[in-house]
Amino acid sequence: MTEKSFPSPYDQQPAAAAEGWKDLYAYNLVFQENRREVEEAKFWFCDSQHWPTVTKPFETIGFEFAVSCLGQYNSRHLLIPPANGIEFRIHNGYVFMSPVGVPETEIAARVPEFMARAGHYFQNWDGLLEKWQGKIRGTIDELGALSFEALPAAVPLEDVTSGKGLGPNDTLLGNFDKLISLTYRAWQYHFEFLNLGYVAYLDFFSFCKEVFPGIPDQAVAKMVQGVDMELFRPDDELKKLAKLAVELGVDGHFGNTEDPEVTLAAIGSSSRGAEWLAAWAEAKDPWFNFTVGNGFYAHDKYWLDHLELPLGYIADYIVRVQNGVGIDRPVAELIAERDRITEEYSELLSPEQLAAFQGKLGLARQVYPYVENHNFYIEHWTMGVFWRKARQLSKMLSDAGFWPEANDMFYLRRDEVRETLFDYVTGWAVGAPAIGPDYWPDEVARRRVIVDALSEERPQPALNTPPAVITEPFTLMLWGITSDQIKNWLGDSDAPEGEFRGMAASSGVAEGPARVISSSDQLSEVQEGDILVAPVTAPSWGPIFGKIRATVTDIGGMMSHAAIVCREYGMPAVTGTGTASAQIKTGQWLRVDGNNGTVTIVEDHDDAVAGLAHEHDLALAPAAAAQLDAVLAESSRA
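To convert, note that position 442 of the sequence shown is 1306 in our numbering; the numbers rise steadily by one, no gaps.
Next up, the structure:
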């Protein structure tokens, strides 16, 4: 039999309007013809979890910096024994990745190096993490201090008489270089702790699989749930503001949240509005440095820049508070479940095993919060400042005639922006028009057509021939790309019609109408009781999690954002379904089984129970499983 394979990137043609798309990206980001044999020998998967839409030329900075720095820490800082970095390419506008393994003959030599390097961090975690906080906050402050202003008609007289010897063009060029270098620095900080967080969890996960044969992945994940994460602070701040609005009697002023100025003015004019506005101002810094996207795109909307977003979420929370509906995460229940499962599995171990179990669990719980917390500081806060400054530069050059729209700069590569900026300062310096205004408008228009054409088609989930078995741990845990998932993509799944299979990412079973969302702009369409179906979710979608019953995504593993957030909100989730968001239609009735990783379209459901979510937990602890088996056995005899 011929082995099934995904298409080769060399055999796929773009849409007619997208011809010449490779010219938009740097040479090292696309598949080169003279490397065909090398590139086709590798398995590439589309990372739609982080980059779900076409990436414009300037936006490649996100995956270039992120994946380069990830590899740097795996391969050069920590020397993680089985894993180097990840290669990346752009194909038809989408990001594809291929993990780089460590040759088996080299793994043993890396173990002592890894133990010394990782061990230092694990032993000094709190102190080093406090130092990290200072480093990243300092970097954010440096980014925030940058400014991109149009050059003046003449250098100020005091700059001449003081003997400064430099013009504002020097500052302008230097600020762009700083914008890029500071952002690259932030991404190095991003991975200083992140891979260690994954390693500690994977170590605990592997130990549990060894000493508890047959333990569900969910059981392992639940043993570290219920932790205090800063990533949830933005949503928690909204909930506090909603409760405060009701308490102070200003809750009647949220009828026009689309106009923040009017809403805030109305609140301020009320008798106790000043108290609420003070709490609002305190929450904004830093917790409104939060995007409804993922921070990798120039068009991502940040709460701080779009105050109608947090005001709208608060208004929704107010309605729920007024109706007596609880809006807080079920932290106490999560912790109780965590402790119950941990205790029941602990009872199965010998004293020696128990000591090892407790040590690995303690480490996993200590480092686990960073797996999500870093997201707020880098993807949200740092990248929010980065994009704000980049938009300021783009508008300045637009005002100078380089392109018609304020944000057109993002159709240029960052090296082209540097060349354009030098063109601008040279024209200013010599007193002659710059060349860019005669070149870039037509070129930007051409590139816009190409990007739009690429955006019309969904990417292939993968490229080339997959390996017989997926073993790379980060690919499994973060992206959820398993051998079974690849079979689904290739059409080899034995799932019946109307059923989708993926990763059992968060336990429980729920039923409800599907709400298919392809972007954050559609979040307002989500209704109470919906099942959220999306290519991928973002952590900042937390405010809608009080409405929905379950989540289904196309990609993502046990350690993906969607999986972690759903577990912390106590709702079922199936991630890594591959194609659910493309095949499920809004309004179809779904049954989401987060225990077994299945999503079923229910053609006929009992109207008497429509609207009810059915949640239960299966096989997550030995005692619970034994009780369930006893009940089922008794029922069978009856």
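In this text, a Cβ means the ideal position worked out from N, Cα and C, and glycines have one as well. Please read all numbers here as calculations on a predicted model, not as lab measurements.
Pro1436 places its beta carbon less than 7 Å from that of Gly1372. The Cβ atoms of Phe922 and Arg1202 do not sit closer than 7 Å to each other. Bounds of the beta strand (DSSP E) holding Trp908 are Trp908 to Cys910. As summarised for the stretch 1104-1184, there are no continuous beta strand (DSSP E) elements at least 3 residues long confined to that stretch. For Leu1454, the beta-bridge partners assigned by DSSP are Gly1376 and Ile1465. Counting the other CB atoms within 10 Å of its CB gives Gly926 a total of 16 or more, which places it among the buried residues. In the three-state reduction of the DSSP assignment, Asn1039 falls in the helix class.
When Pro1124, Phe1096, Asp1180 and Ala1200 are compared, the shortest CA-CA separation from Trp1151 is found for Phe1096.
Using a Cβ distance threshold of 7 Å, Asn1158 and Ala1402 count as a contacting pair. When the five nearest sequence neighbours on each side are left out, the beta carbons in the same chain lying within less than 8 Å of the beta carbon of Trp1343 are those of Phe909, Asp911, Gln913, Ile1419, Gly1420, Gly1421, Ser1424 and Gly1440, in order along the chain. Beyond the five residues adjoining it in sequence on each side, Trp1251 comes within less than 6 Å, by CB distance, of Ala1162 in the same chain, given in chain order. By the beta-carbon neighbour count (other beta carbons within 10 angstroms, threshold 16), Lys868 is exposed. Asn948 and Tyr1062 have their C-alpha atoms roughly 14 Å apart. DSSP places Leu1030 in the coil class of the three-state scheme, outside both helix and strand.
In the DSSP annotation of this structure, Ala881 is not part of any alpha helix (DSSP H), being labelled neither H nor E. Judged by DSSP secondary structure, Ile1395 falls within the beta strand (DSSP E) whose first and last residues are Ile1395 to Ala1398.
Separation of Pro871 and Val1315 (C-alpha to C-alpha, rounded to the nearest whole angstrom) is 22 Å.
Leu1454 sits away from Ala1359, with the two beta carbons spaced by 7 Å or more. Look at Met961 here: in three-state DSSP terms it is strand.
If you check the CB distance, Gly1223 and Gly1366 do not come in under 7 Å.
Note on geometry: alpha-carbon atoms of Val1126 and Thr1155 lie some 23 Å from one another. If you ignore the 5 residues before and after Ala1130, its C-beta comes within less than 6 Å of the C-beta of His1117, all in its own chain and listed in chain order. The stretch 1211-1231 and the stretch 1058-1078 touch, with no fewer than 3 CB-CB distances between them shorter than 8 Å. Under the 10 Å beta carbon count, Asp1164 is surrounded by 16 or more other beta carbons and is classified as buried. Less than 7 Å separates the beta-carbon of Ile1242 from that of Ala1050. Excluding the 5 residues flanking it on each side, Glu1006 has same chain C-beta neighbours closer than 8 Å at Lys1042 and Leu1046, in chain order. Of the candidates Tyr1166, Asn1153 and Leu1112, Leu1112 places its Cα closest to the Cα of Trp1140. Here Ala1326 is not near Ala1374, since their CB atoms are 7 Å or more apart. Between Tyr1433 and Arg1229, the CB-CB gap reaches or exceeds 7 Å.
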